[in-house]
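Asks: Got a structure for you, questions after.
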Amino acid sequence: AQSVTQLGSHVSVSEGALVLLRCNYSSSVPPYLFWYVQYPNQGLQLLLKYTSAATLVKGINGFEAEFKKSETSFHLTKPSAHMSDAAEYFCAVTRGSGNTPLVFGKGTRLSVIA
Amino acid sequence: DAGVIQSPRHEVTEMGQEVTLRCKPISGHDYLFWYRQTMMRGLELLIYFNNNVPIDDSGMPEDRFSAKMPNASFSTLKIQPSEPRDSAVYFCASSFGATSYNEQFFGPGTRLTVL
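Line order of the protein sequences matches chains A and B. Under the numbering used here, read the first sequence as residues 1 to 114, first letter to last. Under the numbering used here, read the second sequence as residues 1001 to 1115, first letter to last.
Here it is in structure tokens:
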């Protein structure tokens, strides 16, 4: 069964510092991986997705993620944190082939300190 | 497009009452998903539909939960009778197409509190 593990339920960074949120996956089929962001009292918004076209994926708001098959990882990074990046971030993998439900990690709450 | 619409946004009810959550997917989308978010279990799938037909309801916790999609523009999730442990945020999401990497668009969620 497909699964994702997000290391660290809470990450705190200073404004302007590098953001690194970790995600490792387990999948019996070629994985399609996603990062979603959830702002307080809102739904989830897609940041970026890996579709096997390129291992380095660029998303919205300056975020990017690199797919590393050898490490079964899909870590999310941003060179310089902004206060507005404070939110909950979820890594997800598709359950199987075709349009199937997402299997989510537990989430990582990002705090940005001024 | 207005995005995925869910109603109500907040629901407070007493144990034993019937609760109905509503979702209007994005027009033209043929997949609809119901997820539940709790502190303990995180985000988990309850049920999903393709072209209004339920495909997988294995995530529905008990017979107290039921979901319908009578047409392409409307779905309901019903809990009868409700229990305090049903308190959670319920999300509806929709997407288009059969490929594995199609984006799911999420609604704002319904925060359910069962007293």
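Each residue gets a CB set at the ideal place from its N, CA and C atoms; glycine is no exception.
Entirely within the segment 1069-1114 of chain B and at least 3 residues each: give me those beta strand (DSSP E) ranges in chain order.
Replies: If we require 3 residues or more, the beta strand (DSSP E) runs fully inside the segment 1069-1114 of chain B come out as 1074-1079, 1088-1095 and 1110-1114.
Asks: Give the single residue among A/P31, A/H82 and A/K58 whose Cα lies nearest to the Cα of A/S3.
Replies: Position 3 of the first sequence, counted from the first residue, corresponds to residue 3 of chain A. Taking only the C-alpha atoms, the option nearest A/S3 is A/P31.
Asks: Determine the extent of the beta strand (DSSP E) in which B/P1054 is found, giving its start and end residues.
Replies: Here the question's residue 1054 of chain B lines up with position 54 in the second sequence. B/P1054 -> beta strand (DSSP E) spans V1053 to D1056.
Asks: Count the other C-beta atoms from every protein chain shown that fall within 10 angstroms of the C-beta of A/S14, then say buried if there are 16 or more, exposed otherwise.
Replies: Residue numbering aside, residue 14 of chain A sits at position 14 when the first sequence is read from its first letter. Exposed is the call here.
Asks: Would you grab the beta carbon distance between B/P1081 and B/G1016 for me? Rounded to a whole angstrom, and I think it's under 8 Å.
Replies: In the second sequence, counting from the first residue as 1, residue 1081 of chain B sits at position 81. In the second sequence, counting from the first residue as 1, residue 1016 of chain B sits at position 16. Yes, B/P1081 and B/G1016 are in contact; Cβ-Cβ is about 5 Å, under 8 Å.
Asks: Counting only beta-carbon separations shorter than 8 Å, does B/Q1080 have a partner in chain A?
Replies: Here residue 1080 of chain B refers to the residue found at position 80 of the second sequence. Chain A, which has no Cβ nearer than 8 Å to the Cβ of B/Q1080, makes this no.
Asks: From the DSSP output, in three-state form, read off A/S27 for me.
Replies: One-based indexing of the first sequence puts residue 27 of chain A at position 27. Looking at A/S27 - three-state DSSP - the assignment turns out to be coil, as it is neither helix nor strand.
Asks: Measure how close the beta-carbons of A/G107 and A/Y89 come, nearest whole angstrom, since I'm counting them as under 8 Å.
Replies: Indexing the first sequence from 1 puts residue 107 of chain A at position 107. Indexing the first sequence from 1 puts residue 89 of chain A at position 89. Their Cβ separation, rounded to whole angstroms, is 7 Å, which keeps A/G107 and A/Y89 in contact under 8 Å.
Asks: Report the residue from A/V103, A/L48 and A/A114 whose alpha carbon sits nearest the alpha carbon of A/T77.
Replies: On the first sequence, position 77 is the one that residue 77 of chain A refers to. Measuring from the Cα of A/T77, the nearest candidate turns out to be A/L48.
Asks: Just grab the DSSP bridge partners of A/Y36 for me.
Replies: As a working mapping, residue 36 of chain A is identified with position 36 in the first sequence. Note: A/Y36 sits in a beta bridge opposite A/L46 and A/F90.
Asks: Could you compute how far the alpha carbon of B/V1004 sits from the alpha carbon of B/N1071?
Replies: In the second sequence, counting from the first residue as 1, residue 1004 of chain B sits at position 4. In the second sequence, counting from the first residue as 1, residue 1071 of chain B sits at position 71. Rounded to whole angstroms, B/V1004 to B/N1071 spans 15 Å at the Cα level.
Asks: Using a Cβ-Cβ cut-off of less than 7 Å, list which residues of the segment 1092-1106 of chain B approach chain A; keep chain order.
Replies: Within the segment 1092-1106 of chain B, the qualifying residues are S1095, G1097, A1098, T1099, S1100, Y1101, N1102, E1103, Q1104 and F1106.
Asks: Rounded to whole angstroms, how far is the Cβ of A/P79 from the Cβ of B/L1045, which I believe are closer than 8 Å?
Replies: What you label residue 79 of chain A is simply residue 79 of the first sequence in a count that begins at 1. What you label residue 1045 of chain B is simply residue 45 of the second sequence in a count that begins at 1. 34 Å between Cβ atoms; not a contact.
Asks: According to DSSP, what are the bridge partners of B/G1042?
Replies: Position 42 of the second sequence holds residue 1042 of chain B. Note: B/G1042 sits in a beta bridge opposite B/T1038.
Asks: Quick check: what's the CA-CA separation for B/S1066 versus B/L1032?
Replies: Here residue 1066 of chain B refers to the residue found at position 66 when the second sequence is read from its first residue. Here residue 1032 of chain B refers to the residue found at position 32 when the second sequence is read from its first residue. Rounded to the nearest angstrom, the two C-alpha atoms are 15 Å apart.
Asks: For B/A1088, which residues of its own chain have a beta-carbon under 7 Å away from its beta-carbon, when the five flanking residues on both sides are left out?
Replies: Within the second sequence, the letter at position 88 stands for residue 1088 of chain B. If we look at B/A1088 and ignore the five residues flanking it on each side, its Cβ neighbours are R1036, Q1037, T1038 and L1112.
Asks: Leaving aside the five residues before and after A/G16 along the sequence, list all residues of the same chain whose C-beta is less than 6 Å from its C-beta, in chain order.
Replies: The count along the first sequence starts at 1 and reaches residue 16 of chain A at position 16. Hits under 6 Å: S80.
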